[in-house]
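When the letters of the sequence shown are read in order and numbered with full-length UniProt numbering, they come out as residues 1 to 94.
Input: a single structure, listed below in structure tokens.
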Amino acid sequence: MENEGHGHSGSKDEIIKIYSEFMLRITKFEELVSIGSRLLLGFHQALGFLVRPPIDKTSSLVERIIKAHGSTRVLSYVEAGCLNTHDSVQNVSK
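Dropping the structure here:
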């Protein structure tokens, strides 16, 4: 009879240990979900910068602005799809 009481206590301790380890793993998993979510959000924002729509050159206002500031830098910027390569590199390296 004494063995039964001791065995019951041992199995209770084992159940508590298993449950504690389970809860610890759940907590770690929740932390990983949070970190992964932030990483994906940053990646999605970086993709948004890379996939910006080009400037509508058919607009007369846009044409006048480009002609008024018709330096080689502005023209190459418009030809590149209005993307600054430095911004693209920074967004991808995050």
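Note that CB positions come from ideal geometry on N, CA and C, so glycine has one too.
Between which two residues does the alpha helix (DSSP H) holding residue i run?
i     : result
Ala68 : Ser60 to Ala68
To the nearest angstrom, how far is the alpha carbon of residue i from that of residue j?
i     : j     : result
Gln45 : Arg38 : 11 angstroms
Ser34 : Leu41 : 11 angstroms
Arg73 : Ile26 : 53 angstroms
Ser59 : Leu47 : 26 angstroms
Tyr77 : Lys28 : 46 angstroms
Lys17 : Glu31 : 21 angstroms
Ser20 : Gly36 : 24 angstroms
Taking only three categories from DSSP, how would you classify residue i?
i          : result
Val78      : helix
Val33      : helix
residue 96 : Because the chain here runs from 1 to 94, residue 96 falls outside it and cannot be looked at.
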